[in-house]
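So the structure is just underneath, and the comments pick up after that.
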Amino acid sequence: MTITSIPSGLRRAARRVLTTAVAGMLLATAAVAAPSEPAQAAGYTGPHPGTFTGLGFDACTAPSDAQMTAWLQSPYRAVGVYIGGVNRGCAQPNLTREWVASQQAKGWRLFPLYVGLQAPCTTYLRRIDPAQAAAQGRAAADDAATNARNLGIVLQSTIILDIEYYNAGDAACSAAVLSFSSAWSARLHDHGYLSGLYTSSGGGGLQDHVAAYGKPGHVSPDLLDFANWDGVKTVAEPIIPATYWVKRRMKQYQGDHDETWGGVTINIDSNYLDLELPPTRYRSAVVRPTR
């Protein structure tokens, strides 16, 4: 899908914050016939999303338990849920500890998403302060880890920081984002969680994090989640060297569109995941609140 009115790859929660009018222009529908009975899936209790290769979707508001049951008829087996952040765009009436437990029992993998402060060179109202970027990244990780624990999302799960599109080439902006995300990753490790990053393949976020990969002093995300709405189910991307984030990538290959499974229609983004749980395990420590 090619979108010309806004940068390709804006994840739905932030799109709703940025502009409701433009988000409405992205809608596409695809009604798909489905069998009459939901497929059965084995339960899962390990870290999320853990080791998994296959399709996932995310919706701005977590679907109801009944909708998730109906969607066992779909080809998707992973679901993105927005667990917090100052720029989260939709209410989450369904997202509870009980909901998480119920989806695990059905076999769903989760990929938790956190829509925090955005790049200082964007027009979002809530942006990173370059002078406080590291402290703000740690504070975001503290909040995300608390939310994950409250939802029953186990340690060693990955929490993905949603950094929306920003223009490449602004050195001060790039430095602030990298400081924020590095602190985010390090702090999540202190809490016993893995870190992820979502960003657009066409903006500064991906370029900056590829350039910073492996550099001393920078803590790269454990998982890279990138958007390229070309409809291709792959995690290969020309800008990402083949040796970076091996088996730790996921791609959002299609933005806002409707799909119908089991008689239930949900507006979703579609993702392809190719992941192995890293061998490094982070032990939860006593973490003092960020000052």
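Under mature numbering (1 follows the signal peptide of the UniProt record, and there is no 0), residues -33 to -1, 1 to 258 are what the sequence shown spells out, in order.
Heads up, the beta-carbon is just placed ideally off N, CA and C, and yes, glycines get one too.
Three or more beta-carbon pairs under 8 Å between the region 16 to 36 and the region 100 to 114, yes or no?
no
Given 8 Å as the limit, is there contact between the region 231 to 242 and the region 138 to 156, that is, 3 or more CB pairs closer than that?
no
Evaluate V213 with the Cβ neighbour count: other Cβ atoms within 10 Å of its Cβ, from every protein chain shown; 16 or more gives buried, anything less gives exposed.
exposed
Just verifying my parser: in three-state terms, what is the DSSP assignment at N61?
coil
Give the straight-line distance between the Cα atoms of A102 and Q174, rounded to the nearest whole angstrom.
23 Å
4 or more residues per run - each alpha helix (DSSP H) lying fully within the region 16 to 65
32 to 37
Cutting at 6 Å between CB atoms, please list the residues of its own chain near S41, excluding the five before and the five after it.
W228
Buried or exposed: V199, going by 16 or more other Cβ atoms within 10 Å of its Cβ?
exposed
With DSSP run on the structure shown, which of helix, strand or coil describes C97?
According to the sequence as given, residue 97 is Pro; it is not Cys. Reduced to three states, the DSSP call for P97 is helix.
Report all residues from its chain with a CB closer than 7 Å to the CB of W151; omit the five preceding and five following residues, and keep chain order.
G104, A107, A108, L128, S162
Alpha helix (DSSP H) segment containing V142, residue limits:
Before going on, a small fix: residue 142 reads as Ala here, not Val. Residues 138 to 158.
Restricting to runs no shorter than 3 residues, where is the beta strand (DSSP E) found entirely within the region 181 to 208?
190 to 194
So if DSSP puts D129 in a beta bridge, which residue, or which two residues, is it bridged to?
Y165
Out of A115, L122, W75, point me to the one whose CA is closest to Y49's CA.
A115
Hey, would you say F147 sits closer than 7 Å to A194, going by beta carbons?
no
CB contact flag (E131, S168, <7 Å):
no
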